[in-house]
Amino acid sequence: MNLRLHNSLTRRLEDFVPQNPQRVTMYVCGPTVYNYIHVGNARPAVVFGLLARLLRRRYSEVVYARNITDVDDKINAAAKEAGTGIEAITSRFARAYHEDMARLGVDVPDIVPHATEHIAEIIGMCESLIASGHAYAAEGHVLFEIATFPEYGQLSGRSAEDMLAGARVEVAPYKRSPGDFVLWKPSSDDLPGWDSPWGRGRPGWHIECSAMAATHLGETIDIHAGGNDLMFPHHENEVAQSTCAHGGKMFARYWLHNGMLTFAGRKMSKSLGNVMILHELLERYPAEVLRFLLLRAHYRQPLEWSEDTLAQARATLDGWYRVLLDHADVPVEGDELQVPEEIEQALCDDLNTPAAFAVLAGLADQLRQADDSQARRQRKAALLGAGLLLGLLQDNPEQWFQQTSAGSEIDPAWVDELLAQRVAARAARDFARADEIRKTLSERGIVIEDGATGTRWRVEAASAVVP
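For the sequence shown, the tail end lands on 1141 under the working numbering, and the numbers increase by one without skipping.
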């Protein structure tokens, strides 16, 4: 089956054909590390991390880079407020980002380049653009002259007027045109800076990604991905400066953009004050609930984040984990975990995760209905294999049901001790004491299930609460 991806550059679904099948390259824009990220910032890492897994199943070598922006005016402001250097801010929040991604089941990329480690490459690209007539130096700045690149605006499909409005350009006397964008800017003594041919300064945001991508992946890469809020001006500017710096070579052959998260129908953003911090959500909910919800809608569509959608995500995962718990006695070895063809087929259709989840639900139903030991083993292996690729169903089923909605666990020893007391009370026909124990457990959200094989317990999935 062919892998088909929606290319933002051509605005159509295309077969993915890498320039070199022996070395597939992908670059994804990562975070600016001045604070904890909000949950919307996690969507590209989760979605395109899944794409990297899919690519690795199909190609012998995949080189996946996701950068860290560790020099930026927002970082400068955070450091000034904290009374410390930018390194203290960036190291803290880069570490938190990596830890939060690991909890979400996001694989570590092959390359995690930092902007501050590529200053020489950034300066070199600026010099190349000046030499080729696409950039100019003015008052300590280096600016890209958009008039020298006729294709400017092709990626975003914006007119010149729309681009000027959308970029909220700075009107400055040293610019030849209001739309010209900064590649390098001067730094005062109280700001981070590096020596350059144009004086002490620091890079603009856009050129950082171009320099890092070229350094590690080459002048032309297969896939460039990120949120659709980056399409303009960030990705548009990357196309312009990279193409011109590399003698007209195409920068990225396929552009992928994920949709934004919405809350009550409005885009989640710091300016609106409706953001939810991922680090805090991971302390309140099982990580797989958050991962499931981030993958639940097709990646190119907006994703509504709400109290109801969190509760629905937990309920869906509870149902699948219930099937696994009911078949806990069915042995499955690691080498039996094969990804069902239907799952891969769904993901090869432009990462159609809703279709993949429908297949996953069908696999759970098939396991539930299996009536002999061989069928149960095969179907359990298929369900677990599908979950392994999607990054779901990775918890122990019994422990899954012992988690609270906040993702923490009830002490099993405490529960088991109360259940033992309940068994003793019922044997002594002290039903009042048995009911009292059930009530105590119920108040902690613990549901008791008496069956022919004994008593099981689980934590009831409480309604998810969005801060």
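Cβ coordinates follow ideal geometry from the N, Cα and C atoms, glycine included.
None of the values given here were measured: they were computed from a predicted structure.
Inset, instruction - Answer with buried or exposed for SER1137, where buried requires no fewer than 16 other C-beta atoms within 10 angstroms of its C-beta. - result: Because SER1137 carries a pLDDT of 34, less than 50, the predicted location of this residue cannot be relied on, and the following value inherits that uncertainty. Exposed: under 16 other Cβ atoms inside 10 Å.
Inset, instruction - Give me the Cβ distance between GLU1018 and ALA1055, rounded to the nearest whole Å; I'm assuming they're in contact under 8 Å. - result: In fact, because the Cβ distance is near 15 Å, the residues do not count as touching under 8 Å.
Inset, instruction - Let me know if LEU687 comes out buried or exposed under the rule of 16 or more other beta-carbons within 10 Å of its beta-carbon. - result: In summary, LEU687 is exposed, with fewer than 16 beta-carbon neighbours lying within 10 Å of its beta-carbon over all protein chains present.
Legend entry - Residues near PHE937 by beta carbon distance below 6 Å, same chain, minus five either side: ASN948, TRP979.
Legend entry - Unbroken stretches of the alpha helix (DSSP H), 4 residues or longer, contained in the segment 776-842: The qualifying runs are 793-805, 834-841.
Legend entry - For ALA739, the three-state DSSP class (helix, strand or coil): Correct three-state label for ALA739: strand.
Legend entry - Entirely enclosed beta strand (DSSP E) segments - the segment 889-960, minimum 3 residues: Within the segment 889-960, the complete beta strand (DSSP E) runs of at least 3 residues are 895-901, 926-932, 935-937.
Legend entry - Where VAL713 falls: helix, strand or coil (DSSP): In the structure shown, VAL713 sits in a helix (DSSP, three-state: H, G or I).
Legend entry - Segment contact, 8 Å Cβ cut-off, at least three pairs: the segment 983-997 with the segment 1056-1074: Two segments are said to touch when three or more pairs of C-beta atoms, one from each, lie closer than 8 Å; by this definition the segment 983-997 touches the segment 1056-1074.
Inset, instruction - Could you tell me whether the Cβ of TRP979 comes closer than 8 Å to any Cβ of chain D? - result: In summary, chain D is missing from the structure at hand, where a single protein chain is found.
Legend entry - N-terminal and C-terminal residue of the beta strand (DSSP E) that TYR995 is part of: Secondary structure note for TYR995: it is in no beta strand (DSSP E), and the uninterrupted alpha helix (DSSP H) holding it is 981-1000.
Legend entry - At least 3 beta-carbon pairs within less than 8 Å: the segment 750-759 vs the segment 1036-1047: No, because fewer than three Cβ pairs between the segment 750-759 and the segment 1036-1047 fall closer than 8 Å, the two stretches do not touch.
Inset, instruction - Would you tell me roughly how many angstroms separate the C-alpha atoms of LEU677 and VAL856, rounded to the nearest one? - result: Distance from the CA atom of LEU677 to the CA atom of VAL856, rounded to whole angstroms, is 37 Å.
Legend entry - Cβ neighbour criterion (16 or more within 10 Å) applied to PRO824: PRO824 comes out exposed.
Legend entry - Rounded straight-line distance, which links the Cα of GLU1007 to that of GLY901: If you take the alpha carbons of GLY901 and GLU1007, they lie about 38 Å apart.
Legend entry - Unbroken beta strand (DSSP E) run spanning PRO860, endpoints: Boundaries of the beta strand (DSSP E) harbouring PRO860: 855-860, taken from the DSSP string.
Inset, instruction - Look at the Cβ atom of ALA1049, then the Cβ atom of VAL1013, and state whether they are nearer than 8 Å. - result: In terms of Cβ geometry, ALA1049 and VAL1013 do not form a close pair [threshold 8 Å].
Inset, instruction - May I ask which residues mark the beginning and end of the beta strand (DSSP E) holding VAL1033? - result: Counting along the chain, VAL1033 sits inside no beta strand (DSSP E); it lies in the alpha helix (DSSP H) bounded by residues 1027-1043.
Inset, instruction - Within its chain, find whatever has a CB closer than 6 Å to the CB of ASN911; leave out the 5 residues flanking it on each side and keep chain order. - result: Once the five neighbours on either side are set aside, the close Cβ partners of ASN911 are PHE855, HIS880.
Legend entry - Span of the alpha helix (DSSP H), counted from its first residue to its last, around ARG1051: It spans 1047-1064 - the alpha helix (DSSP H) in which ARG1051 sits, taken as one unbroken run.
Legend entry - For GLU688, three-class secondary structure by DSSP: Reduced to three states, the DSSP call for GLU688 is strand.
Inset, instruction - Measure the alpha-carbon distance for ARG1096 versus PRO960 and round it to whole angstroms. - result: Distance between the alpha carbons of ARG1096 and PRO960: 29 Å.
Inset, instruction - May I ask you to report which of helix, strand or coil DSSP gives THR706? - result: For THR706, the secondary structure class from DSSP, reduced to helix, strand or coil, is strand.
Legend entry - Between the CA atoms of ILE796 and GLU893 - distance to the nearest angstrom: One C-alpha to the other measures close to 14 Å.
Legend entry - Bounding residues of the beta strand (DSSP E) (the contiguous stretch that carries GLU1123): For GLU1123, the enclosing beta strand (DSSP E) covers residues 1120-1125.
Inset, instruction - Assign GLU1128 to one of three DSSP states: helix, strand, or coil. - result: A small fix is needed here, since residue 1128 is Gly in this sequence, not Glu. Judged by DSSP in its simplified three-state form, GLY1128 adopts strand.
Legend entry - Close beta carbons around THR764, own chain, < 7 Å, minus the five adjacent residues each side: These residues qualify, in order along the chain: VAL707, ASP744, ILE749.
Legend entry - CB-CB length for VAL816 against TRP858, believed under 8 Å: About 4 Å; that satisfies the 8 Å criterion.
Inset, instruction - Specify the secondary structure class of PRO1141 as computed by DSSP and reduced to three states. - result: Residue confidence is low: PRO1141 scores 28 on pLDDT, short of 50, so the model does not pin down where it sits. Its coordinate-derived value is still stated next. Here PRO1141 sits in coil by DSSP.
Inset, instruction - Count the C-beta pairs between the segment 781-791 and the segment 734-742 that are closer than 8 Å, then say yes if the count reaches three, no if not. - result: Judged by Cβ distances under 8 Å, the segment 781-791 makes contact with the segment 734-742, as three or more pairs qualify.
Legend entry - SER682 in three-state terms, based on DSSP: Three-state result, SER682: coil.
Inset, instruction - Give the secondary structure of GLU978 by DSSP, where H, G and I count as helix, E and B as strand, and everything else as coil. - result: DSSP places GLU978 in strand when its eight states are reduced to three.
Inset, instruction - In the DSSP assignment, find the alpha helix (DSSP H) that holds PRO1071 and state where it starts and stops. - result: It spans 1071-1074 - the alpha helix (DSSP H) in which PRO1071 sits, taken as one unbroken run.
Inset, instruction - May I ask which residues mark the beginning and end of the beta strand (DSSP E) holding PRO877? - result: Per DSSP, the unbroken beta strand (DSSP E) holding PRO877 starts and ends at 875-877.
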